[in-house]
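S.K.: The numbers in UniProt numbering rise by one with no breaks, and the one at position 101 of the sequence shown is 101.
Before I ask anything, let me first share the structure, which is written out below as structure tokens.
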Amino acid sequence: MSEKILEVRNVSKTFPGVQALKDVSLDVHEKEVLALVGENGAGKSTLIKIISGVHKADSGEIYYLGKKVNFKDPTEAIASGISTIHQELNLFEELTVAENIFVGNVKGFSFSKKKAFKVVSELLDSLKFNIRADEKVKNLNTSEKQLVSIAKALFLNARIIIMDEPTATITEYEAERLFEIVKGLKAKGVSVIFISHRLEEIYQIADRVAVLRDGELIGVKHITEVDREELIRMMVGRKIEEMYPKFNRPEKETIFAVENLSVGTFVKNVTFDVRKGEIFGIAGLVGSGKSEIALGIFGHLPANWSKMVLNNNELQPSKNMLEHGIALVPEDRKKMGLVLELDVTKNIVLQNTNEVSRGLHISWKKAKVLASEEVKKYSIKVTSIYQKVKTLSGGNQQKVVLAKVLRKTPRLVMLVEPTRGIDVATKVEVYNIVNRLANEGVGVIFISSELPEILGLCDRVLVMHRGRSMGILDRHELSEERIIKLATGVDD
Ligand SMILES: Nc1ncnc2c1ncn2[C@@H]1O[C@H](COP(=O)(O)OP(=O)(O)OP(=O)(O)O)[C@@H](O)[C@H]1O
Ligand SMILES: [Mg+2]
Numbered sequence: 001m002s003e004k005i006l007e008v009r010n011v012s013k014t015f016p017g018v019q020a021l022k023d024v025s026l027d028v029h030e031k032e033v034l035a036l037v038g039e040n041g042a043g044k045s046t047l048i049k050i051i052s053g054v055h056k057a058d059s060g061e062i063y064y065l066g067k068k069v070n071f072k073d074p075t076e077a078i079a080s081g082i083s084t085i086h087q088e089l090n091l092f093e094e095l096t097v098a099e100n101i102f103v104g105n106v107k108g109f110s111f112s113k114k115k116a117f118k119v120v121s122e123l124l125d126s127l128k129f130n131i132r133a134d135e136k137v138k139n140l141n142t143s144e145k146q147l148v149s150i151a152k153a154l155f156l157n158a159r160i161i162i163m164d165e166p167t168a169t170i171t172e173y174e175a176e177r178l179f180e181i182v183k184g185l186k187a188k189g190v191s192v193i194f195i196s197h198r199l200e201e202i203y204q205i206a207d208r209v210a211v212l213r214d215g216e217l218i219g220v221k222h223i224t225e226v227d228r229e230e231l232i233r234m235m236v237g238r239k240i241e242e243m244y245p246k247f248n249r250p251e252k253e254t255i256f257a258v259e260n261l262s263v264g265t266f267v268k269n270v271t272f273d274v275r276k277g278e279i280f281g282i283a284g285l286v287g288s289g290k291s292e293i294a295l296g297i298f299g300h301l302p303a304n305w306s307k308m309v310l311n312n313n314e315l316q317p318s319k320n321m322l323e324h325g326i327a328l329v330p331e332d333r334k335k336m337g338l339v340l341e342l343d344v345t346k347n348i349v350l351q352n353t354n355e356v357s358r359g360l361h362i363s364w365k366k367a368k369v370l371a372s373e374e375v376k377k378y379s380i381k382v383t384s385i386y387q388k389v390k391t392l393s394g395g396n397q398q399k400v401v402l403a404k405v406l407r408k409t410p411r412l413v414m415l416v417e418p419t420r421g422i423d424v425a426t427k428v429e430v431y432n433i434v435n436r437l438a439n440e441g442v443g444v445i446f447i448s449s450e451l452p453e454i455l456g457l458c459d460r461v462l463v464m465h466r467g468r469s470m471g472i473l474d475r476h477e478l479s480e481e482r483i484i485k486l487a488t489g490v491d492d
């Protein structure tokens, strides 16, 4: 039995209207990977924020290296050797990658840009992250930013590294590299607390798994003594019968087609069509251009095409695709999906004002009904429909995006990483919604880095590699291996 490096004892934490943690006690051992799992809003992030000095517990204690600690802020925790990659990435957009990695990590070190660049370049190379140290963070996409945050946490020689959904925004392919790194850290004596909604990852790298439900610790198990089914039951309190429900019926008729789509420098000459009732998948690595396809079609990125047809109408590039019946569930929910400072009701209603207003007057009574319906439909965990979106857990924020975008049934919906950060039970709800949309005759473009859901859900899959289409696979041709080969460009 290895030594305890960290002990959480009887920790409770209440936010206005919700008890996020109830008397949680948990040990972290030396040289272990401890996975922390649970549904959206279960309290995972709150627990690690208490450990890392972001939040104060209402009651309970934390012991680190045998001593009681009371970090007054994250800097103190970092200095003591507890390094955290938070779910909401805290990077400075205007600074370079190298500067971001140095900021807050280096004390009493005369900061030289040249030196920082060199050190960080080497670090990124050794991690095989394909990112330039002198690139400004604002020019990176979400996944690349995630990689920068990982590099930043690794830069410090921490005893404990906490990762809050580090793989949510990177592909399995890149996650593999991260796991190699985690194994290396473990061998060096570092303990890792790892939060993820992807159970296959938990089985791949965790030594033990701790389950939170509604703020309570349900149990801690050695990974070898708990199977997937039991783990899910511990998390959601019931059994899930079908992980990838599929009941859509693709028809022959085409609902959407685009020819020779190019989007900035990201996407070149991509052609595909989507049939009525079909769930059309787009797969590819980070940087392959798969999400840019959606952004280009929607008008968020400059795009052109030789022909685009939706429901027999030819469409020209426009910034107002929503009016033409195209909806986008974006990847970056903070930038494009949500107004964090506003409450849940306003966020849902803002894109659906037609339902609740007459002229310029918004009926807040109607808005209340509408928001309550959506909160129920997507089982969004809120203390009230007037809770500010920024205080929702990560997964629940994503559900608000889905609710507001899908309320007005579009003709074509493009979902970019729609289940990112969403717990297992809710993923199944999202898949059901996607099936239902398809059956209602909506064209569905499903863009995802998670191969299991692509394989489980899609009728055909276009695979992107470096901005180009590597081909479209039919359902009977789909396999993880086939997609990875195309996505990495090794297929000949
Ligand atoms: N700053 C805050 N103010 C008010 N409520 C909060 C705040 N932070 C978290 N909460 C609430 O505490 C509960 C636990 O949230 P937490 O973020 O810990 O969940 P989580 O397990 O990390 O979920 P997810 O998987 O969605 O990230 C939720 O009900 C959330 O809305
Ligand atoms: Mg969280």
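In this text, a Cβ means the ideal position worked out from N, Cα and C, and glycines have one as well.
Is the stretch 395-408 in contact with the stretch 217-234, if contact means three or more CB pairs nearer than 8 Å?
M.R.: These segments do not touch.
S.K.: Along the chain, which unbroken stretches of the alpha helix (DSSP H) at least 4 residues long are found entirely within the stretch 198-255?
M.R.: As far as the stretch 198-255 is concerned, its whole alpha helix (DSSP H) runs of at least 4 residues are 199-205 and 228-236.
S.K.: Any heavy atom of ligand 2 within a distance shorter than 7 Å of the CB on GLY489?
M.R.: Because no heavy atom of ligand 2 lies under 7 Å away, the Cβ of GLY489 does not count as near it: no.
S.K.: Pick helix, strand or coil for ALA153, following the three-state DSSP scheme.
M.R.: The answer is helix: DSSP assigns ALA153 an H, G or I state.
S.K.: May I have the straight-line CA-CA distance separating PHE280 from SER449, to the nearest angstrom?
M.R.: Between PHE280 and SER449, the C-alpha separation is close to 14 Å.
S.K.: In whole angstroms, give me the CA-to-CA distance for ASN435 and ALA425.
M.R.: Whole-angstrom Cα-Cα distance: 16 Å.
S.K.: For THR345, count neighbouring C-beta atoms within 10 Å of its own C-beta (all shown protein chains included) and say buried if the count is 16 or more, exposed if not.
M.R.: Buried.
S.K.: If you draw a straight line from the alpha carbon of LEU231 to that of ILE454, how long is it in whole angstroms?
M.R.: Spanning the two alpha carbons is a distance of roughly 23 Å.
S.K.: Am I right that ILE131 and VAL148 are in contact with their C-beta atoms under 8 Å? What's the rounded C-beta distance?
M.R.: That pair is a contact at about 7 Å.
S.K.: Once the 5 residues before and after VAL18 are set aside, which same chain residues still bring their CB inside 7 Å of it?
M.R.: So the list reads THR383, once near-sequence residues are dropped.
S.K.: Pull up the distance between the alpha-carbon of ASN100 and that of LEU123, whole angstroms please.
M.R.: Approximately 13 Å between the Cα atoms of the pair.
S.K.: Consult DSSP for LYS68 and reduce its assignment to one of helix, strand or coil.
M.R.: Here LYS68 sits in strand by DSSP.
S.K.: Just to confirm the assignment, what range does the alpha helix (DSSP H) spanning ARG275 have?
M.R.: Element bounds for ARG275: not the alpha helix (DSSP H) but the beta strand (DSSP E), 267-275.
S.K.: So, helix, strand or coil for GLY108, using DSSP?
M.R.: Residue confidence is low: GLY108 scores 47 on pLDDT, short of 50, so the model does not pin down where it sits. Its coordinate-derived value is still stated next. Coil at GLY108, not helix or strand.
S.K.: Count the other CB atoms within 10 Å of the CB of GLY184; is the residue buried (16 or more) or exposed (fewer)?
M.R.: So GLY184 ends up on the exposed side.
S.K.: Pull up the distance between the alpha-carbon of LYS138 and that of ASP73, whole angstroms please.
M.R.: So the two alpha carbons sit approximately 26 Å from each other.
S.K.: Is HIS465 buried or exposed, if buried means 16 or more other CB atoms sit within 10 Å of its CB?
M.R.: Looking at its Cβ environment, which holds 16 or more other Cβ atoms inside 10 Å, HIS465 is buried.
S.K.: Let me know the alpha helix (DSSP H) ranges lying completely inside the stretch 359-392, each 4 residues or longer, listed in chain order.
M.R.: Qualifying alpha helix (DSSP H) stretches, in chain order: 364-377.
S.K.: Label GLN398 either buried or exposed according to how many other C-beta atoms from any shown protein chain fall within 10 Å of its C-beta, with 16 as the threshold for buried.
M.R.: Looking at its Cβ environment, which holds 16 or more other Cβ atoms inside 10 Å, GLN398 is buried.
S.K.: At what residues does the beta strand (DSSP E) containing LEU473 begin and finish?
M.R.: Counting along the chain, the beta strand (DSSP E) containing LEU473 begins and ends at 468-474.
S.K.: Could you say if the stretch 298-315 and the stretch 249-265 meet the contact criterion of at least three C-beta pairs nearer than 8 Å?
M.R.: The stretch 298-315 is in contact with the stretch 249-265.
S.K.: Is PHE280 helix, strand or coil by DSSP?
M.R.: In the structure shown, PHE280 sits in a strand (DSSP, three-state: E or B).
S.K.: Within the present structure, is the beta-carbon of LYS334 separated from the nearest heavy atom of ligand 2 by less than 7 Å?
M.R.: No; taking the cut-off as 7 Å, the Cβ of LYS334 has no heavy atom of ligand 2 nearer than that.
S.K.: Using a threshold of 8 Å, state whether the C-beta atoms of GLU251 and LYS290 are closer than that.
M.R.: No, they are not a contact pair.
S.K.: Going by DSSP in three states, GLN351 sits in which element: helix, strand or coil?
M.R.: In the structure shown, GLN351 sits in coil (DSSP, three-state: anything other than H, G, I, E or B).
S.K.: Take SER12 as the anchor and find which of GLU477, GLU3, VAL24 and GLU253 has the nearest alpha-carbon.
M.R.: When each option's Cα is compared against that of SER12, the closest is VAL24.
S.K.: According to DSSP, simplified to helix, strand and coil, what is GLU172?
M.R.: If DSSP states are grouped into helix, strand and coil, GLU172 belongs with the helices.
S.K.: Excluding sequence positions up to five away, which residues of its chain have a Cβ less than 8 Å from the Cβ of VAL339?
M.R.: Hits under 8 Å: LYS346, ASN347, LEU350 and VAL389.
S.K.: From THR169 to ARG420, what distance separates their C-alpha atoms?
M.R.: Roughly 7 Å between the two C-alpha positions.
S.K.: Is there contact between the stretch 440-447 and the stretch 230-245, where contact requires at least three CB pairs shorter than 8 Å?
M.R.: Segments in contact, no.
S.K.: For a minimum of 3 consecutive residues, which ranges assigned as the beta strand (DSSP E) are wholly contained in the stretch 407-476?
M.R.: You should have 412-416, 443-447, 460-465 and 468-474.
S.K.: Taking the alpha carbon of GLY215 as the reference point, which residue from VAL97, ILE161, LYS381 and ASP273 has its own alpha carbon closest?
M.R.: Checked all of VAL97, ILE161, LYS381 and ASP273; the closest Cα to GLY215 is LYS381.
S.K.: For GLN87, count neighbouring C-beta atoms within 10 Å of its own C-beta (all shown protein chains included) and say buried if the count is 16 or more, exposed if not.
M.R.: GLN87 is buried by the Cβ-count criterion.
S.K.: Helix, strand or coil for ASN130, going by three-state DSSP, please let me know.
M.R.: ASN130: coil per DSSP, three-state reduction.
S.K.: Between the alpha carbons of GLY337 and VAL400, how many angstroms are there, rounded?
M.R.: Cα to Cα, GLY337 sits roughly 9 Å from VAL400.
S.K.: Does the Cβ-Cβ distance between ILE293 and ILE282 come in under 8 Å?
M.R.: Cβ distance < 8 Å, so ILE293 and ILE282 count as in contact.
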